[in-house]
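Residue numbers (UniProt numbering), protein chains in the order written: chain A, 1 to 443; chain B, 1 to 443. Where a beta carbon is used, it is the ideal one built from N, C-alpha and C, also for glycine. All values derive from a computational prediction rather than experimental measurement. The next block holds one structure in the form of structure tokens; read it before the comments.
Below, the structure written as structure tokens:
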């Protein structure tokens, strides 16, 4: 008899696991339950939908349930797994539109329940006009509210907050970003935050840092954001203060979480329970610089988790060794990319962290229309081991970060970076690549 | 008494060596002789000057002799070293404008005499209207001839030929490129050449491949390019069939060349003769994929050679381990980048070479204005060791090649590439980076 894989949560990791498992072992019966109306979508595209650059939210969907059906994968939307009977090898599914519940058996289970936005513990977060942005439905809701809103406030100046700030400005809205930390993009080091701050204000975003939001107020719908010092009138508020993994269902039947609060998995994405895998934003990875568990809830990691789990479930060989914390974000005309540890995080992790911060350009000094390119390199004193990098540049120039990411995977040093033969031509790089300039200055 | 460094040839490698040596050891007396009218220039920028994108050829100069003088480095232009008396530790210098010759003593010598264009052994190569492109003066000469020329022919479809084809099209000229090999950019594999060919014709360049030029003809000045099959009318002809290292002066006093014909050097850029270094286009490097001597006459390599030699001459520690053959070129709207060995070259070098060739995009499928991104990955059967890559993309997306270059430096495998945590965001990459797509498909 054929084995049965049940996938709980059908976005990036879940549908990658489902599709890969079925492709690798066509005898497998594969069914995925997703409580929202969409499967297999790129939530990272939501800010660009809000900006008006993508005309239909459904374009963010990579594959529809119909397409999955053709591949032999059953994907049911508006179906939520509400209970797992692990001993009985079955899950209880609620059909959110049909109103009925039913039990579904499994041999293998993938938990890919993702993450949810954190709501700050303040009054008014449930007022109409207050949103979070996580699922396609969130995007649709904001989109339909946006045409009636002129004054928008974004609480939180991380990636999502800043990407949406750009989107709202693209729509001609007044935008205020309020951040609790002393600076925007607090995961970055201060040099990077300063450039981002400048870019935001240059593009008409009001930026308020070091300020706690105390409540959201309004009659019938949100009208203002209250801080200790002042009140900001608002027609629409986006809460973007972070996310947490949706581990509730998993822990309810005995799946163990790790130190990050996400589900602990091995290199095959196995949880502590036999025949149960976890993948995507709900699961941990190993950070290859610190060697410790790390939570990196990003779409590309989710896809790799899913692919690895799917391969293993189908009986194949695959492993996911870990991450180095690479990410990139577009903030107006800047591209800001990260890998490894910031200087601050490196110190916190116990490293004797040193750094250089250099300004260079994205092309030869004589080539037209140059853009500045900044590199921060973080490395260990003495050994010169690379710990991380941050770059701020123009468009895909920022992908230079991947060179450092590649070295981080293997414990590379500043000396290794300095020795690299990187591609050069005047339209693409100064004759000394900015990364090499930084490496040459590192002592 | 202070030691004296004489540098023969003051472009990229020579002036890097001179400046670095002086900076590292201010007691050193440093003098550089350059036979052209310019020092320290980026010859790689010449096609963009010809395109009209850089208004003054002097903008290609990084530092003038006056600036070098302020740093304590004497740089004399229009001064050619015509003889080296190695035993006597002196060089004979011809002042090309003053007409006199004089002897100049040295303790340390850097040979950085660069490379020169190959002239095909055919009739007519010295006719007025026939050019090569290597030094700034060549650029100036072509520029002044260009306004009288409408029909241009470029012999040779390597980087230089194709970059100049774009430049001439940008100036509204009729352009025909004639290439002896079966395809354009013959150093690349055929898949890449095909895309480049298409881009050239889309931009109005006439491309003729597999065709030998038999002579250049004309009365008083060039009027046609003759091939075995037909004649191409021409007002201006650029010969871009390759370059050779200028080793004549060096070999005349006993400096040894290596198997590539360029000067053999160790990791400190020392030649076989004590106190004589060679750097830049006249010197070899080690190819880190094959482990064999390799000649990579590019500006970025020249700068690194020079910096290494300068450091060592000043008594410091530095080494240049080698290259992996990275390069990138802009051909109209395409950026074409290379690293390591092409599949063809890998086979010739004796590897059991396998490859994948994939087409992806430079951004998420839903993000506006996507461009195609192609990856060719070459690797060794069995071990999966990476041997090289070629990518064709849009603008600086092509710098993704540097990830493979980084892996090549350390003998990385397809498996290593597959495991990389590369930066992802919808404006910059599909959720599966094109390099990872290629790695996933490699068997």
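Item to complete: Name the two residues that bound the continuous alpha helix (DSSP H) containing residue 142 of chain B.
Response: 136-146
Worksheet entry | Bridge partners - residue 5 of chain B, DSSP secondary structure assignment | B/30 and B/108
Item to complete: Could you tell me whether any Cβ in chain B is nearer than 8 angstroms to the Cβ of residue 428 of chain A?
Response: yes
Fill in: Cβ-based burial, residue 443 of chain A [other Cβ within 10 Å; buried from 16]
exposed
Practice prompt. Specify the secondary structure class of residue 346 of chain A as computed by DSSP and reduced to three states.
Written response: helix
Discussion item. Strictly below 9 angstroms CB to CB, what residues from chain B border residue 294 of chain A?
Written reply: In chain order: nothing, as chain B lies at least about 11 angstroms away.
Discussion item. Rounding to the nearest angstrom, what Cα-Cα distance links residue 101 of chain B and residue 85 of chain B in this structure?
Written reply: 14 angstroms
Worksheet entry | residue 35 of chain A, DSSP secondary structure in three states | coil
Practice prompt. Flag this pair as yes or no: are the beta carbons of residue 6 of chain A and residue 40 of chain A separated by less than 8 angstroms?
Written response: no
Discussion item. By the 8 angstroms beta-carbon criterion, what residues does the region 325-351 of chain A contribute toward chain B?
Written reply: 325, 326, 327, 328, 329, 330, 335, 337, 338 and 339
Item to complete: Could you spell out the range, first to last residue, of the alpha helix (DSSP H) harbouring residue 68 of chain A?
Response: 65-70
Discussion item. Counting beta carbon pairs with one atom in the region 417-424 of chain A and one in the region 401-410 of chain B, are three or more of them shorter than 8 angstroms?
Written reply: yes
Worksheet entry | Simplified DSSP state of residue 300 of chain B, which is helix, strand or coil | helix
Worksheet item: Is residue 266 of chain B close to chain A, meaning its C-beta is less than 8 angstroms from at least one C-beta of that chain?
Response: no
Fill in: Exposed unless 16 or more other CB atoms sit within 10 angstroms - verdict on residue 363 of chain A
buried
Practice prompt. Report the three-state DSSP secondary structure of residue 340 of chain A (helix, strand or coil).
Written response: strand
Fill in: Proximity below 8 angstroms, CB of residue 177 of chain B to CB of residue 157 of chain B
yes
Worksheet entry | Residue burial classification, residue 346 of chain A (beta-carbon count within 10 angstroms, cutoff 16) | buried
Worksheet item: Given residue 310 of chain B, which residues of its chain have a CB within under 6 angstroms of its CB, disregarding the five upstream and five downstream residues?
Response: 17, 20 and 21
Worksheet item: Does the distance from the C-beta atom of residue 227 of chain B to that of residue 205 of chain B stay below 8 angstroms?
Response: no
Fill in: Runs of alpha helix (DSSP H) lying entirely within the region 178-216 of chain A, each at least 4 residues, in chain order
190-202
Worksheet item: Between residue 112 of chain A and chain B, is there a C-beta pair that is closer than 8 angstroms?
Response: no
Item to complete: Within the same chain, show all residues whose beta-carbon is closer than 6 angstroms to that of residue 13 of chain A, passing over the 5 residues directly before and after it, in chain order.
Response: 112, 279, 280, 302, 305 and 306
Practice prompt. Spell out whether any CB of chain B is found under 8 angstroms from the CB atom of residue 419 of chain A.
Written response: yes
Worksheet item: Of all Cβ atoms in chain B, is any one closer than 8 angstroms to the Cβ of residue 424 of chain A?
Response: yes
Worksheet entry | Residues within the region 252-282 of chain B neighbouring chain A, beta-carbon criterion of under 7 angstroms | none
Worksheet item: Do residue 174 of chain B and residue 518 of chain B come within 8 angstroms of each other at the CB atom, strictly closer than that value?
Response: Because chain B here runs from 1 to 443, residue 518 of chain B falls outside it and cannot be looked at.
Worksheet entry | Within 8 angstroms, strictly: CB atoms of residue 133 of chain B and residue 296 of chain B | no
Practice prompt. Can you say whether residue 409 of chain B is buried or exposed, counting buried as having 16 or more other CB atoms within 10 angstroms of its CB?
Written response: buried
Worksheet entry | Contacts that residue 93 of chain A makes with chain B (C-beta to C-beta distance below 9 angstroms) | Ordered by position in chain B, no residue passes the 9 angstroms Cβ test against residue 93 of chain A, which lies about 28 angstroms from the chain.
Worksheet item: By how many angstroms is the C-alpha of residue 387 of chain A removed from the C-alpha of residue 358 of chain B?
Response: 32 angstroms
Item to complete: Using alpha carbons as the reference points, say which of B/334, B/255 and B/325 lies closest to residue 200 of chain B.
Response: B/334
Discussion item. Rounded to the nearest angstrom, what separates residue 277 of chain B and residue 435 of chain B at their Cα positions?
Written reply: 39 angstroms
Worksheet item: Short check: CB of residue 15 of chain B to CB of residue 63 of chain B, under 8 angstroms?
Response: yes
Fill in: CB contact below 8 angstroms: residue 22 of chain A versus chain B
no
Discussion item. Among the candidates B/67, B/389, B/320 and B/90, whose CA atom is the shortest distance from the CA of residue 378 of chain B?
Written reply: B/389
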